[in-house]
Every structure is written in structure tokens, then in C-alpha cells.
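Numbering (the numbering used here), first residue to last: 2 to 591.
C-beta: ideal position from N, C-alpha, C; glycine also.
Nothing here was measured: the structure is a model prediction, and the numbers come from that model.
In what follows, a structure is listed as C-alpha cells, so that the remarks can point back to it.
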Amino acid sequence: MEWLNPAGAWAFLGLIPVVLLYMLRRKAKRVRVPSLVLWRLTQQRADPAHPFERLRNQLLLWLQVALVALMALALMRPVSAGGERGESVLIFDLSASMQTRNEAGVSRLEEAQQAAYSLLGGMRDGDAVTVLAAGSPYSQVLSRSTDRAAIRQAIAGLQAQSGGSDLSGALALANAMRRDIPGLRVTVFSDSAISDQQAELWAVGSPVANRSILSARVLEQEEGNIAFCRVLSRGADVMAEMECLADGRLCDARTVSLPDGVEQSVSFLLPEDVETVCVRFSQSDALTVDDERFAVRERPAGHTALLVTQDNVFVQTALSLRSSLSVTAASPSDAQASGKYDLYVYDGLVPDALPESGSLMVFAPNREVLGVAPGPAQAAAAFVRAAAGSTASALCENLTLDEIALLSFRPLLGGTAVWRIGEDALLSVTEQNGRRAAIFGFDVHESNLPLKADFPLLIQNLLDYLLPEASASATDAVCGDSVDLRLDERTLDAYVSTPSGARAEAPGGLLSDTSEAGLYTLVERFEDGQRQTAFALHAPLAESDTLTVADSTQGEHGQGEPGGQEWTVWLLLLALLTLLAEWEVSRRGV
Numbered sequence: 002m003e004w005l006n007p008a009g010a011w012a013f014l015g016l017i018p019v020v021l022l023y024m025l026r027r028k029a030k031r032v033r034v035p036s037l038v039l040w041r042l043t044q045q046r047a048d049p050a051h052p053f054e055r056l057r058n059q060l061l062l063w064l065q066v067a068l069v070a071l072m073a074l075a076l077m078r079p080v081s082a083g084g085e086r087g088e089s090v091l092i093f094d095l096s097a098s099m100q101t102r103n104e105a106g107v108s109r110l111e112e113a114q115q116a117a118y119s120l121l122g123g124m125r126d127g128d129a130v131t132v133l134a135a136g137s138p139y140s141q142v143l144s145r146s147t148d149r150a151a152i153r154q155a156i157a158g159l160q161a162q163s164g165g166s167d168l169s170g171a172l173a174l175a176n177a178m179r180r181d182i183p184g185l186r187v188t189v190f191s192d193s194a195i196s197d198q199q200a201e202l203w204a205v206g207s208p209v210a211n212r213s214i215l216s217a218r219v220l221e222q223e224e225g226n227i228a229f230c231r232v233l234s235r236g237a238d239v240m241a242e243m244e245c246l247a248d249g250r251l252c253d254a255r256t257v258s259l260p261d262g263v264e265q266s267v268s269f270l271l272p273e274d275v276e277t278v279c280v281r282f283s284q285s286d287a288l289t290v291d292d293e294r295f296a297v298r299e300r301p302a303g304h305t306a307l308l309v310t311q312d313n314v315f316v317q318t319a320l321s322l323r324s325s326l327s328v329t330a331a332s333p334s335d336a337q338a339s340g341k342y343d344l345y346v347y348d349g350l351v352p353d354a355l356p357e358s359g360s361l362m363v364f365a366p367n368r369e370v371l372g373v374a375p376g377p378a379q380a381a382a383a384f385v386r387a388a389a390g391s392t393a394s395a396l397c398e399n400l401t402l403d404e405i406a407l408l409s410f411r412p413l414l415g416g417t418a419v420w421r422i423g424e425d426a427l428l429s430v431t432e433q434n435g436r437r438a439a440i441f442g443f444d445v446h447e448s449n450l451p452l453k454a455d456f457p458l459l460i461q462n463l464l465d466y467l468l469p470e471a472s473a474s475a476t477d478a479v480c481g482d483s484v485d486l487r488l489d490e491r492t493l494d495a496y497v498s499t500p501s502g503a504r505a506e507a508p509g510g511l512l513s514d515t516s517e518a519g520l521y522t523l524v525e526r527f528e529d530g531q532r533q534t535a536f537a538l539h540a541p542l543a544e545s546d547t548l549t550v551a552d553s554t555q556g557e558h559g560q561g562e563p564g565g566q567e568w569t570v571w572l573l574l575l576a577l578l579t580l581l582a583e584w585e586v587s588r589r590g591v
């Protein structure tokens, strides 16, 4: 026999007042007598030397003692032998959808916490519990603790985040623990399905309707700036009041009709000098994290470039198409004496000592550039084609590569190929120590490339790669993701201001504290001042689907059932019968 709640033994102290009441109670009977003298002498002889003699033949006393004992045993929760004494891992989904509230205002995470408390009540005092928080990424909150107060405190401290959930990572850790701990029970509290057949899913929440803002952008048009957003309602046809704030001030509002499951486009008028925009619903619904969305006006940062060439008008014209790029032309003899530029473009001749900072674009190099070396010159016997890989696909976006021919080229060794001719690399990019370079293995004058529409498009794609905006890497990022912000070469130090106003460090431009949804600001400090760049992060779009809720699954250990047979219910039933017997005896005065 084992006890799930040994502390319930304190209830046996209730026997003390029951016994004392019978020991100290005197039961008198009224009798008329002519004198009290003889009665006093009789009383002195009748007082028992042992007070416990009063407890004999007291049926009512023994019934009350049995009632207290049964209640105390029930509080101790006895369990017969047969169950295993094991450990449990409790995994909590902390994704944005766990913030969804039901009609009573209870969130799914709060439902999960209450379910976990119920599960804890069915465990023995010696059972160890590990608590894992499946946020983005997952984390271990408590490891193999037997302290019930500490376990409840760890569960109560969990908070749903604005990102997704790394349930697979948390389950992988639990499975690793299972190899060392036989009989380990793994319970997942989530509104999403899991693929692990050995774990049990305690599904929380019920399907509820939700409306969400899927995207928002600032568009510059001839008639003025507008905020353009996409809105979707799931589960119900609704009329929604929407507001648009420009730089924190209300600038437009309207009522929109949102049919169930039909994506709608909504636009708002903006002032000319707007920098940041917030589009939101006037009233929140079941899930508030997707009721507003931010957008930043895209203003390309000004960059400088040095073009070192004899007279390459093709390259100079293609570079000048970017209005935010200030191009300075120089002869090869001036290349060594150049100042600090964001981009250096070398046409043919590469100086012996490269600049210490800035990106590089090199045409027909005569020596190695950042690990990319030209091979021997050879005649071109085929047309140009795009290389394989995601980098090449991005840099060849919108290019046709229609019959681009060369007289000769020098195959490139090293870097990542963007263009190939046969099996040789014709155009490659590379990155070393934070510096990027694009190298052409041919002279554009010995090709028909400048006559093709692909040439200016290619130069613009390469400029996006060589001079990336700090906020460009956050365009597709969501809350919970690490964002690699591209810092300026001249940056001395940088940090990020979060939506709540806290300061988050970003060593090398890597921001990992992205748990909040809203506007972030990157602050870069230079020798001659500082620059601020705003960008926005939001919850993953998949978290807005509050209609899809998984069904609970039961693992091989059962859900919340301790091993062995618990006798609490039977003891309570016996206590009830004893109470009825005590009432009957007291009523009859036996």
C-alpha cells in the first residue's frame, strides 16, 4: 500500500478533541433528596481513579472515532501496489495561438495549466516531473523535480509568446530522456496535433472564429501614399471597424465587410511624410496578436560607390539607374588613393591592396579577389546559363538569359557560382569576414550582354546583394526567429530597441530576442553619427487559424492515471455509512 498524499495523516489529530469530549463530559441526573451531605461523600468515593473508564461502552464515541479515521485515510489517498513509480515530462505549447480565449475569457494556455494541475494531483509525492516550454525555440523550465510547489510555480509562470512552437524539438529532448528513464511518461498540452506516437496529447481549446490582418505595406503612388493590407475572417461573416495610424496618429478609419473564408483587400490614405504605419481592428476578438500589423515605408539608404575604369559607360550607366547610389568614377591610377566607399567597382585592373571595408564588384579580374581566382583564358563555346542553388536563383530573378554570347572568358575558381558556361563558373559571388564581392570572369566589352535587357536587371540584383538594407533580412522573418541584420561596414556598435522599449543586443547584427510583435528599431553608431532603421515582426500566419484544434490522444501510460488501485472513493463511501450510523445512534440515544 502506498499513499499519494501522506500529509493527510495530520487529520488523525481530529481524534484528540473527540476523545477529550467524552473524557471530560459528566452526565448528571436530577434527583430530589432531603440533604446533600451523604451525596457529597458518595461522589468522592464514586469519582474514578482512571478517567479512561468513562470511555467504556460508548458506541457513539467509537462511531465518531471511526468517522475521523476514515476521513483521514481518505485524505492520505491510499493506492494498492501494482503501479510503477516513474517520472513525467510535461510539454507546454507556447505558440501565439495558445493566447486564444474562449467565451469565458480563458486562454488555451490557462486551460493547459489547469489540466496540468489536475494531472499533478494524480501523481505520487515521489514522482519526478520535468517541465518543457515549447516556444520558439523550446526551453527546459524545470528538470526532474519532486517538489510539488516548485512544479506548480514553474507551470504558473509560463506565458504564451507571439511566435510559433518548437514541439518537435521538445519531443526530441523527451525521447532522449526516455532512453535513460524507462517508463517515462510524456504529456503534451497543445492545440496542435503531434506526430510522436509514444507521447500523449492533452488537447486544449475549442474552435472559435477569428479575424486577422495578414499583411500590410506602404505604397507610394502619384495620387498619394496609401497603406495596403490583406484581411481574412475565419469562422464567421463579420463587419469590422478598422483604423490606420501613421507614425502613431490616427489618419484614417473605415468599416469593412469580411465574409467567412474570403480574403479582402483594404487601403487607407496616408500623409506624405509617413514613416511607419499601424493597421488594426478597433475591437479585439478571440486572438489579439493578429489584430494589428505594422509596416515601414521603404526608403533606400544612400550609398556611395567608386567606379575604377578607363571608360566603361555600360557599367556606369547601369549603376546610375539606382537613385540612392552616388557613383564616383576614377582612373586605375587613382584606385590606391580612394577614400571610404560602400562599394568598389573595378573594371579589369584590381589593385594590389584592396580597401579595408566596402563591398566589391569586379569585371575580368587580373588576380584573386576574396578567395575567387580567375583561371586561364579560353574561348566561349556555349551560351550562358544560370547555376543551381538559392543564391543563383535570387540573383537571376527576372532574367531571361536569352542567347548571351561571349568571345572569351576566364573560369572562376572559388565562391558561389551564379552564371555558368558549360561547367565553368562565369559569374560568382563570395563573402569573407562580412565583406561581399561579385566577380565577372569576362570583359563586358567582349560580349553582347550590355545590349541585353538582362544587364541592368543583373546589376540591380547584384547591388541588392552587395548593399543589403539592414531591414531587408527581416522582411520575411516572424516572431521567434533569429534575424541577421546586415550592418554597415562603418558600424562601430549596434543595438535594437524592441516594441516594449527594451534594449536588445545584436552582436554582429544577429538579433535573437524577437519574442514581441511590433516595431523594432536598429540603431547603428558611426564615427560621425548614428542611423536608425525600423522594421516589423509579427506572429506566423499559421497561428491565426483558431478553427483547427487537434483531438486528444492517449499514450501507452494513460492520461493522468497513476499506477495501482486508489481506494479514496471507497473510504469516503464507508465514512458516509459511518456518519449515517452515528446519526441513528445519536437520534435513539443508545
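- Counting only runs of 3 or more residues that sit fully inside the region 383-441, the beta strand (DSSP E) segments are 417-422, 425-433, 436-441, in chain order.
- For Ala330, the uninterrupted beta strand (DSSP E) segment begins and ends at 326-331.
- Under the 10 Å beta carbon count, Asn367 is surrounded by fewer than 16 other beta carbons and is classified as exposed.
- Annotation: the continuous alpha helix (DSSP H) that includes Ile460 extends over 455-467.
- Leaving aside the five residues that flank Leu133 on each side, the residues in its chain whose CB is nearer than 8 Å to its CB run, in chain order, Val90, Leu91, Ile92, Phe93, Tyr139, Ser140, Gln141, Val142, Ala171, Leu174, Ala175.
- DSSP places Gln141 within a strand segment (E or B) once states are collapsed to three.
- A contact between stretches requires three or more CB pairs, one per stretch, nearer than 8 Å, and the region 309-325 meets this requirement with the region 347-356.
- In this structure Asp197 does not touch Ser98 by the C-beta definition: roughly 19 Å separates them, more than the 8 Å allowed.
- Here the alpha carbons of Gly372 and Glu432 stand approximately 9 Å from one another.
- Phe456 counts as buried, since at least 16 other C-beta atoms from the protein chains shown sit within 10 angstroms of its C-beta.
- Burial state of Ile422 is buried, judged by a 10 Å Cβ sphere holding 16 or more other Cβ atoms.
- Runs of the beta strand (DSSP E) spanning 3 or more residues and lying entirely within the region 348-372 occur at 360-364, in chain order.
- Leaving aside the five residues that flank Thr256 on each side, the residues in its chain whose CB is nearer than 8 Å to its CB run, in chain order, Met240, Ala241, Glu242, Met243.
- Look at Thr554 here: in three-state DSSP terms it is strand.
- Counting C-beta pairs with one atom in each stretch, the region 244-252 and the region 276-287 have three or more that are closer than 8 Å, which means they touch.
- Short of 6 Å from the beta carbon of Ala161, and not among the five residues preceding or following it, lie these beta carbons of its own chain, in chain order: Leu95, Met99, Gln100, Leu110.
- For Gln222, the enclosing beta strand (DSSP E) begins and ends at 211-222.
- Cβ neighbours of Gly158 within its own chain (closer than 8 Å, five residues either side excluded): Val142.
- The region 465-532 contains, as complete beta strand (DSSP E) runs of 3+ residues, the segments 494-498, 504-506, 519-527 (chain order).
- The straight-line gap separating the alpha-carbon atoms of His539 and Ser163 is approximately 7 Å.
- Annotation: Asn6 is outside any alpha helix (DSSP H) and is labelled neither H nor E by DSSP.
- Taking C-beta separations shorter than 8 Å and ignoring five residues to either side along the sequence, the partners of Val66 in its chain run Leu16, Val19, Val20, following chain order.
- In the structure shown, the three-state DSSP call for Gln162 is coil.
- When only Cα atoms are considered, Leu270 and Glu447 end up about 50 Å apart.
- In the structure shown, Met99 adopts helical secondary structure according to DSSP, grouped into three states.
- Residue Asn211 holds the alpha-carbon nearest to the alpha-carbon of Glu104 among Arg125, Arg491, Ser166, Asn211.
- Per DSSP, the continuous alpha helix (DSSP H) segment holding Ile152 begins and ends at 149-157.
- For Ser166 and Gly136, the gap between their C-alpha atoms comes out near 4 Å.
- In the DSSP annotation of this structure, the continuous segment of the alpha helix (DSSP H) that includes Thr579 starts and ends at 569-589.
- A direct Cα-Cα distance of roughly 39 Å separates Leu464 from Val263.
- For Leu355 and Val370, the gap between their C-alpha atoms comes out near 9 Å.
- Looking only at Thr305, Gly390, Ala10, Ala507, the smallest Cα-Cα distance to Thr417 is reached by Gly390.
- By DSSP's assignment, Val267 forms a beta bridge with Cys230.
- With 16 or more other CB atoms across the displayed protein chains lying within 10 angstroms of its CB, Leu320 is buried.
- Contact check for Tyr521 against Thr499 passes: the beta carbons are separated by less than 8 Å.
- In the structure shown, Val290 falls within a coil segment according to DSSP collapsed to helix, strand and coil.
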